[in-house]
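When we follow the UniProt record's numbering, the leftmost residue of the sequence shown carries the number 1, and every step to the right adds one. To keep things clear, I will list the structure first and then write my remarks on it.
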Amino acid sequence: MVAQEKSKLIIFDTTLRDGEQSPGVTLNDEDKINIARNLSLLGVDVLEAGFPVASPGDFNSVQRIACEVGSLMEGREKIGKPMKIAALARCVEKDIRTAADAIKDAPEKRIHVFLATSDIHLQHKLKISREECIAQAVRSVNLAHSLCGDVEFSPEDAGRSDPDFLCAVLSAVIEAGATTLNIPDTVGYNTPKEYGERLRYLIQHTKGSDQVIWSTHCHNDLGLATANTLAGVANGARQVEVTINGIGERAGNTAMEEVVMNIHTHPNTYPVYHTINTVHFARVSELVATLSGMPVQPNKAIVGKNAFLHESGIHQDGVLKNKETYEIIRPEDVGVLTNNLVLGKHSGRNAFRSRLEELGYSDLDKEVVQAAFEEFKKLADQKQEIGDSDLIALVSDQLSGAPTSQVFYELRSMQVFSSTSNDNPSTATVVLYDTKADVTVNEAATSITGPIEAIFSAIQRAVKRQCQLELFEIKAVSGSLDALGKVVVRISPLTTSSPQVAANPLALGKPVFQGLGTATDILQSSAKAYVAAVNRMVAVEQQGHLARSVGTARAVNV
């Protein structure tokens, strides 16, 4: 198959919408802007920025992405236009108008509407007839098309819908103005053969099918999301809906890196080509994992830490003689680090920035680079050699932190006495700087459980808030004895806390706040992570609304 015969595959990323629905994931506005910028640099064609009607916070983040990221062209020379910003809406007038308002400032924009079409959803969830379903879909697409020229329609649970009824719905919405038809396997039920045949059938029997782009959206409940997506591409789909690392509802979505690298590796198998800058995959994967708190499993395809490691003697021998004996993808093609340039305590700011740019961090704010450089110099006094994995961890730490205006507490110092005896509990003393009151706060706490609990209790006393620990995760950045330790902490406010906190609406919806901390000392990185999570919680308290909506509108699953 020659290149001229191939069609451009549209990469539709839903990391910030479907991906954020992963249990336990919370992203603030700055996280979303950061991820969106990197997805633009990666070469994503369409970004589903969120579900604006879900909450004021969702609306604001989608609006900011439309304004601040929607016009970016850096790294998109091969594509020739900025990333299209999409907003999700149910087939409800308020949803659609809110979505249109949120994305109005984006040069390229799309409204994505959805309505369930399977009998089980129509009867038990929506309680409407098939005729009412078609009428509602047509009304909604008509409205969306009047507000935005690019309209995508998704028949939710298409994988279990009657094919002929689907053809009737899809024919009607094409006539109403839909430009993209997405076929979701919402519950991950289909096999690749079933999904591919379904897509082919719909294309063949839907009136006006040649006037629209057909799209896939597959979930991974049976581990078939990537296989189903590729089956869809082979049978006529020219858009794929994917997420970085495959994060998403339940078992997740189709992983972008898996679909793209399948097509990249098998150029003569699929009738499409992509324009993704694959060398950014490893970096963007790490960024999403850090900010979302969803670690990548070591054996994850393409971006897992074991993806290009060889332990078997036979494999090692083969790779040393010729890498192609056991590597079908070159590590450098997806941005995996194979040769570390080692920096040390005598390295300067220019060398530091230069290496960050080589690692793909070319668009960092000066403040972020400066803060990371200062942490680098501190680390250089503790470690002889600092490798690329350390640099990435330092930058990730800065990127995951709150904006300066939302830093309410800074960890100044800490002293810990650890004991394994119940008669002599662990003790922690922390010194925090209250940036708003311009005072230093000293508090201490003890714990028979261990030093981590003592540290967290002391911090709670210092900030006068009681929190419940939802997640505590430690990961070594490298394999050396002096490795940086990366800690992810998630906390939620307790409803039984002080009147000041209990009166706050945060206590009603049990939102979860995440913090990241890195240091060579695990106790220090744990304290830094906990303080970072507290800062995020206090920031939302100050704003007077939840970071995530707790209403039913948030739980959408296309």
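Built from N, CA and C at the ideal position, the CB exists for glycine as well. What you are looking at is a predicted structure, and each value in this text was computed from that prediction instead of being measured.
For Arg-330, tell me which candidate among Ile-302, Ser-347, Ser-354 and Gly-348 has the shortest Cα-Cα distance. With distances taken between Cα atoms, Arg-330 lies closest to Ile-302.
Check for me: the beta strand (DSSP E) holding His-217 runs from which residue to which? Under the DSSP assignment, His-217 falls in the beta strand (DSSP E) whose first and last residues are 213–218.
Between Val-487 and Pro-451, is the Cβ-Cβ spacing less than 8 Å? No, these two residues do not count as a Cβ contact at 8 Å.
Jot down the residue ranges of each uninterrupted beta strand (DSSP E) in the region 237–284, minimum 3 residues, whole runs only, in chain order. DSSP runs (the beta strand (DSSP E)) wholly in the region 237–284: 239–242.
In this structure, how does DSSP classify Ala-371 when only helix, strand and coil are distinguished? Note: Ala-371 maps to helix in three-state DSSP.
From what residue to what residue does the alpha helix (DSSP H) around Ile-452 run? It spans 451–463 - the alpha helix (DSSP H) in which Ile-452 sits, taken as one unbroken run.
Looking only at its own chain, which residues have a Cβ that is under 8 Å from the Cβ of Tyr-530, when we skip the five neighbours before and after it? Residues of the same chain with a CB within less than 8 Å of the CB of Tyr-530, apart from the 5 flanking positions on each side, are Ile-455, Phe-456, Ile-459, Val-489, Ile-491, Gly-515 and Gly-517 in chain order.
Return helix, strand or coil for Lys-193, following the three-state DSSP convention. DSSP places Lys-193 in helix when its eight states are reduced to three.
Select from Pro-56, Phe-472 and Glu-541 the residue whose C-alpha is nearest the C-alpha of Lys-528. Residue Phe-472 is the option with its Cα nearest to Lys-528.
Based on the DSSP output, what are the partners of Phe-114 in its beta bridges? Looking at the DSSP assignment, Phe-114 forms a beta bridge with Arg-90 and Ser-154.
Given this structure, state the Cα-to-Cα distance separating Thr-440 from Pro-155, to the nearest angstrom. One C-alpha to the other measures close to 56 Å.
Could you check the C-alpha separation between Glu-132 and Ser-118 for me, to the nearest Å? Each residue's CA atom was taken as its position, placing Glu-132 and Ser-118 some 13 Å apart.
Length of the line joining the Cα atoms of His-124 and Ala-158: Approximately 16 Å between the Cα atoms of the pair.
Near Glu-257, which residues of its chain fall below 6 Å by C-beta distance, leaving aside the five closest residues on each side in sequence? Only Phe-281, Ile-302 and Val-303 meet the Cβ criterion.
Evaluate Tyr-273 with the Cβ neighbour count: other Cβ atoms within 10 Å of its Cβ, from every protein chain shown; 16 or more gives buried, anything less gives exposed. Exposed, because fewer than 16 other Cβ atoms sit within 10 Å of the Cβ of Tyr-273.
Report the rounded CA-to-CA distance for Ile-522 versus Thr-278, giving the unit in angstroms. The C-alpha of Thr-278 is placed about 33 Å away from the C-alpha of Ile-522.
Are the CB atoms of Val-395 and Leu-356 nearer to each other than 8 Å? Yes. Within cutoff.
Hey, could you find the ends of the alpha helix (DSSP H) Val-169 is sitting in? Annotation for Val-169: the continuous alpha helix (DSSP H) segment containing it runs 163–176.
Can you tell me the Cα-Cα spacing of Thr-98 and Val-53, whole angstroms? Approximately 6 Å, taken between the alpha carbons.
What residue from Ile-65, Glu-68, Arg-465 and Val-407 has the CA that sits closest to Ala-437's CA? If we check each option's Cα against that of Ala-437, Val-407 comes out closest.
Can you check which of these residues, His-145, Lys-127, Ile-128 and Arg-64, is closest to Ala-106 by C-alpha distance? If we check each option's Cα against that of Ala-106, Arg-64 comes out closest.
If we call anything under 8 Å between Cβ atoms a contact, is Asp-150 one with Lys-109? Yes.
Does Gly-159 come out as helix, strand or coil in the three-state DSSP assignment? In the structure shown, Gly-159 sits in a helix (DSSP, three-state: H, G or I).
Secondary structure of Gly-50, DSSP reduced to three states: It is a strand residue.
One question on the structure: do Thr-180 and Gln-136 come within less than 8 Å of each other, judged by their Cβ atoms? Taking 8 Å as the cut-off, the beta carbon of Thr-180 is found no closer than this to the beta carbon of Gln-136.
Count the other CB atoms within 10 Å of the CB of Ala-178; is the residue buried (16 or more) or exposed (fewer)? Ala-178 should be labelled buried.
Counting only the same chain and skipping the five closest in sequence on each side, list residues whose C-beta sits under 6 Å from that of Pro-505. Confidence in Pro-505 is poor, its pLDDT being 41 and thus under 50, which makes the residue's placement unreliable; the coordinate value appears in the next sentence. Here the set comprises nothing.
Just to confirm before moving on: does the CB-CB distance between Ser-426 and Glu-249 stay below 8 Å? In this structure, Ser-426 sits away from Glu-249, with a CB-CB distance that is not shorter than 8 Å.
Pull up the distance between the alpha-carbon of Gly-236 and that of Gly-387, whole angstroms please. Each residue's Cα considered, the two are about 45 Å apart.
Which residues does DSSP list as the beta-bridge partners of Thr-440? As computed with DSSP, Thr-440 is found in a beta bridge with Tyr-433.
Top-ranked residue by Cα proximity to Asn-60, from Gly-43, Ala-100 and Met-73: Cα-wise, what sits closest to Asn-60 is Ala-100.
Residues in the same chain with beta-carbon distance under 6 Å from Thr-254, minus the five sequence neighbours each way, listed in chain order, please. Sequence-distant partners of Thr-254 (beyond 5 residues in either direction) whose C-beta falls short of 6 Å from its own C-beta, in its chain, are Cys-218, Ala-225, Thr-226, Thr-229 and Val-242.
Checking 8 Å against the spacing of the C-beta atoms, do Arg-198 and Asn-190 come in under that value? Cβ atoms of Arg-198 and Asn-190: closer than 8 Å.
Determine, using beta carbons only, whether Arg-17 and Leu-72 come nearer to each other than 8 Å. No; because the gap between Cβ atoms is not below 8 Å, this pair is not in contact.
Ser-419 to Ser-285, Cα distance in whole Å? A straight line joining the alpha-carbon of Ser-419 with that of Ser-285 spans about 38 Å.
Under a Cβ-count criterion, where at least 16 other Cβ atoms within 10 Å of its own Cβ denotes burial, should Gly-232 be classed as buried or exposed? Label assigned to Gly-232: buried.
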